[in-house]
Amino acid sequence: MEEALGSLLIRRERTKSIELTLAGEFWFRTAKNVLQLIEAAEATHASILAN
């Protein structure tokens with residue numbers, strides 16, 4: 112994904128610790144929002160089928 116975006120998303124340290132960059136934080140929040148939307152859509156779909 113970093114290659115496709117042309118941006119670092121995770122800072123990797125030699126101590127094996129990692130930290131999200133600002134871009135990484137943005138994409139993490141965006142992915143969480145997308146997953147929440149998918150879950151809501153699945154619940155709505157299940158509700159429609161139940162009626």
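Here the sequence shown is numbered in the working numbering, starting from 112 and rising by one per residue.
Ideal Cβ positions, reconstructed from N, Cα and C, are used throughout, including at glycine.
Beta-carbon proximity of residue i to residue j, cut-off 8 Å
i	j	result
Ala134	Ser118	yes
Glu114	Leu120	no
Three-state class that DSSP yields for residue i in the structure shown
i	result
Glu130	strand
Arg140	helix
8 Å contact criterion, which residue i and residue j should meet: CB distance rounded
i	j	result
Arg122	Thr132	6 Å
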